[in-house]
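Protein chains in written order, with my numbering: chain V, 1 to 136; chain R, 137 to 497; chain U, 498 to 688. In this text, a Cβ means the ideal position worked out from N, Cα and C, and glycines have one as well. Worksheet: one structure, shown below.
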Amino acid sequence: MAVLARASAAELADRLAALPELPAAETLRAPETGLVMVRGRAGGDGDAFNLGEMTVTRCAIRLGAHIGHAYVAGRDNAKARMAALLDAALQDGLLHDALMRAVVEPLAAAQQEARALEARKAAATRVDFFTMATMR
Amino acid sequence: MYVAVKGGEKATSAAHAWLDETRRGDTALPELSVAQIEQQMALAVDRVMAEGSCHDRFLAALAIKQAKGDLIEAAFLLRAYRTTLPRFGASAPLETSRMRLRRRISATYKDLPGGQVLGPTFDYTHRLLDFALAAEGRDAPATPEAPTDMTGVPRVTEILAREGLMQREALNESEPGDLTREPLSFPASRPVRLQNLARGDEGFLLALGYSTQRGYGNAHPFVGEIRVGHIGVEITPPELGFAIDIGDIGITECQMVNQFKGSRTEPAQFTRGYGLVFGHGERRAMSMALVDRGLRARELGEEADAPAQQEEFVLYHSDNIEATGFVEHLKLPHYVDFQSELENLRTIRRAAEVELREAAE
Amino acid sequence: MTRLTPGFAAPVLDAQASFRVILEAMSRPGRLQRIEARITPPAPLCTAAAAALLSLADADTPLWLDAGEAVAEWLRFHCGAPITQEISAARFALACGTAPSLEALDVGTDEDPQLGATLILQVAGLVASEGWRLTGPGIQHEHRLRVHGAPAEFTAAWARNHTLFPRGVDVLLCAGDSIAALPRSVTIAEG
């Protein structure tokens with residue numbers, strides 16, 4: 001779900017389009033946007049406090065014997081529906097490995113590369129401060 | 137006193153039509169897209185998300201467009217929109233030690249584990265207007281890259297705490313108070329104060345934070361650490377019963393380190409002021425941390441007579457949506473109110489005139 | 498988990514439509530309204546009670562119920578409402594079997610009377626123009642309502658609830674796709 005939640009609707013649609021058709025799906029809970037209260041901790045490691053809310057879209061889909069759930073940041077209904085569909089399909093033992101290879105692993109790799117690129121840019125701004133000889 | 141006034145529908149809709157026209161500006165120029173605002177006015181988007189207390193980059197950018205760039209009006213629009221959405225639940229508290237860092241600096245240690253990482257910052261720029269930006273179509277230069285190993289970036293506060301020099305934060309896993317559900321009451325708990333400050337007006341927080349540095353509050357703060365980056369948010373939906381990661385948000389964290397002279401029960405040590413905000417907002421996070429520390433004065437047994445240490449004053453006036461509502465309501469019709477004041481004044485004048493005449497006779 | 502059936506087809510619009518019906522029912526106490534929702538809730542939950550909870554209950558409203566595990570699972574899934582065993586802690590209570598006593602529910606406080614709980618009472622049948630005589634705000638002269646399968650001694654319990662005003666419990670009576678409301682402000686006389 002972490003990988004699907006971070007993919008864009010277009011990326012998910014592209015990956016799904018390239019797959020053989022999935023079994024018929026039933027919408028158990030149509031996509032709906034709501035809020036999640038994001039919490040932090042005082043001092044970073046103390047009592048929890050409410051930082052502010054974020055938009056989240058959820059959806060649940062039944063595919064054969066499995067129910068797929070999606071809770072994804074943002075307000076994209078199509079993305080939530082595709083993420084729920086994939087979550088259901090991934091629980092199917094016959095489909096799991098093929099879907100991991102065709103959808104989840106390439107998306108995860110792309111996300112990992114984006115993170116690594118950001119980390120390399122950050123590393124290029126690493127500095128060493130020198131304290132000058134004291135003047136007094 | 138308020139009194140209903142009728143009429144003016146035509147004038148109101150004409151005013152709004154003109155507002156729409158002025159929002160668009162010169163039609164010879166291309167219209168701004170919401171995506172452009174989101175990408176190229178990113179810090180304005182971050183501020184609107186923080187003060188609107190709702191993380192959604194697209195909505196904040198749309199609000200900025202609708203508000204013609206008035207960021208308080210935009211935060212107001214975002215706050216109004218969020219009331220139409222159901223609450224699905226609360227996230228697990230963010231473990232900021234696990235942030236993916238773009239920037240991490242400390243003013244207390246020059247050589248600290250994990251290093252000083254500047255990230256995309258205005259610091260050390262010369263503040264000279266760059267007229268090259270006025271020429272459109274110029275590509276940004278490629279950002280340099282360097283090999284990295286950003287694992288294991290401990291908190292500065294943790295380094296001090298291990299030596300016993302930093303006060304540990306209270307930690308009880310009770311449900312934090314929520315200003316969106318329960319109105320403020322006093323004395324306010326630290327979680328409620330932090331929620332209030334996290335969505336407070338940046339200018340107000342900045343001025344109060346500044347006042348604590350200038351002697352109104354006796355603070356000697358150091359930036360223990362500032363972290364800017366992204367972090368995954370986890371929730372546990374009741375129907376699943378286990379935690380799932382729903383995506384990343386951008387956050388800025390500031391740990392201000394302040395000396396504390398100790399008390400009968402506690403030795404002299406450092407204490408923390410804490411700032412955590414949506415998006416990239418260092419000024420905001422630092423100001424929040426200064427004010428948080430100011431508001432802890434009473435709990436730490438310090439004198440608390442400076443403005444930034446007065447809980448009711450700070451928490452009641454930090455919210456710019458409330459503040460703008462009450463200030464701006466003064467321009468709405470107060471005709472009956474004013475008539476009664478006018479009548480009152482005339483009566484006083486008449487009485488004074490009579491008195492004057494009688495004294496003269 | 499796999500027995501779950503869908504909730505509202507269009508969560509926002511369907512909830513708004515149901516909310517409008519419930520509002521109408523609360524504004525005109527005792528008048529029968531119909532909730533037209535194409536949902537198939539698990540037994541014994543009827544359409545009207547299911548639609549009311551889908552519209553009103555959410556993660557902020559603890560829910561007490563006596564309708565069995567399948568219904569609990571369905572409501573937890575679609576509403577996200579936490580299920581509570583403590584009826585006094587519930588914001589909504591759903592009774593399909595023997596109704597709990599009104600006194601067991603939270604009646605709110607004089608300062609926050611809106612915190613009073615709402616009891617969703619599933620009954621055998623609702624018939625207009627006969628039975629109880631209702632009077633009070635929202636009723637010009639008198640509304641009649643016959644409740645088949647009303648709890649024993651209900652009108653006496655209701656009279657006690659009514660005296661707590663502005664505190665008190667509100668009741669939504671549901672049968673099939675019919676719904677009628679008893680806001681705490683209404684007075685009931687046996688017909």
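Query                                                                                                                        : Result
Beta-carbon gap between A84/V and V56/V smaller than 7 Å                                                                     : no
Alpha-carbon spacing of M100/V relative to A116/V, whole angstroms                                                           : 22 Å
Pick from A621/U, P579/U, L560/U that is closest to T615/U, judged by C-alpha positions                                      : L560/U
Neighbouring residues, chain V, relative to L631/U (Cβ below 8 Å)                                                            : In chain order: nothing, as chain V lies at least about 36 Å away.
Residue-chain proximity (V369/R, chain V), Cβ-Cβ < 7 Å                                                                       : yes
Helix, strand or coil at T499/U [DSSP, three-state]                                                                          : Summary for T499/U: the model assigns pLDDT 48, below 50, so the residue's position carries little reliability; its value from the coordinates is reported in the next sentence. Of the three classes helix, strand and coil, the one that applies to T499/U here is coil, per DSSP.
Near-chain U residues of the stretch 216 to 228 of chain R - C-beta to any C-beta below 7 Å                                  : P222, R223, F224, G225
Distance CB(P31/V)-CB(R81/V) smaller than 7 Å                                                                                : yes
Interfacial residues, the stretch 11 to 32 of chain V to chain U, with Cβ spacing under 9 Å                                  : E26, T27, L28, R29, A30, P31, E32
Closer than 8 Å at the beta carbon, the chain V residues around A507/U                                                       : A30
Whether H366/R touches R236/R by CB criterion (7 Å)                                                                          : yes
CA-to-CA distance, P256/R to R263/R, given in whole angstroms                                                                : 15 Å
Under 7 Å from the C-beta of L710/U: neighbouring residues of chain V                                                        : The requested residue 710/U does not occur in the structure, where chain U is confined to residues 498 to 688.
Interface positions of the stretch 105 to 128 of chain V facing chain R (Cβ-Cβ less than 9 Å), listed along the chain        : R115, A116, L117, E118, A119, R120, K121, A122, A123, A124, T125, R126, V127, D128
Beta-carbon contacts of G689/U that lie in its chain and below 6 Å, excluding the five residues immediately before and after : For residue 689/U there is no data in the structure shown, the boundaries of chain U being 498 and 688.
Buried or exposed (CB count within 10 angstroms, at least 16 for buried), E361/R                                             : buried
8 Å contact criterion, which D92/V and H66/V should meet: CB distance rounded                                                : 6 Å
CA-to-CA distance, P610/U to G665/U, given in whole angstroms                                                                : 7 Å
DSSP beta-bridge partners of Y410/R                                                                                          : Q391/R
In DSSP terms, what M54/V is bridged to                                                                                      : V36/V, H191/R
Presumed contact (8 Å Cβ cut-off) between V450/R and V472/R, rounded CB distance                                             : The pair is not a contact, with the Cβ atoms about 34 Å apart (cut-off 8 Å).
Beta carbon of V413/R nearer than 7 Å to that of A425/R                                                                      : no
Separation of Q252/R from E281/R, as counted between CA atoms                                                                : 16 Å
Opening and closing residue of the alpha helix (DSSP H) in which Y452/R lies                                                 : 447 to 453
Residues of the stretch 349 to 381 of chain R whose Cβ lies closer than 8 Å to any Cβ of chain A, in chain order             : The structure shown contains no chain A; its protein chains are V, R and U.
Chain V contact for L501/U (CB, 7 Å cutoff)                                                                                  : yes
Buried/exposed call for F505/U, threshold 16 Cβ in 10 Å                                                                      : buried
Where Q405/R sits in the DSSP three-state scheme                                                                             : strand
A507/U and I617/U closer than 7 Å at C-beta                                                                                  : no
Rounded distance between the beta-carbons of Q303/R and H401/R, thought under 8 Å                                            : Here the sequence assigns Thr to residue 401/R, which means His is not the residue at that position. Actually they are not in contact, since the Cβ atoms of T401/R and Q303/R sit about 12 Å apart, beyond 8 Å.
Reduced DSSP secondary structure (H/G/I, E/B, other) of R136/V                                                               : Note that R136/V scores 48 on pLDDT, short of 50, meaning its location in the model is unreliable and no value can be drawn from it.
For G144/R, the three-state DSSP class (helix, strand or coil)                                                               : coil
Under 9 Å from the C-beta of H69/V: neighbouring residues of chain R                                                         : P373, E375, L376, I380
Option nearest L394/R by Cα separation, candidates G409/R, G386/R, I382/R, T388/R                                            : It is Asn, not Leu, that sits at residue 394/R in the sequence shown. Nearest of G409/R, G386/R, I382/R, T388/R to N394/R, Cα basis: G409/R.
Cβ neighbour criterion (16 or more within 10 Å) applied to P249/R                                                            : exposed
Cβ neighbour criterion (16 or more within 10 Å) applied to D109/R                                                            : Coverage of chain R is limited to positions 137 through 497, which leaves residue 109/R absent and any answer about it impossible.
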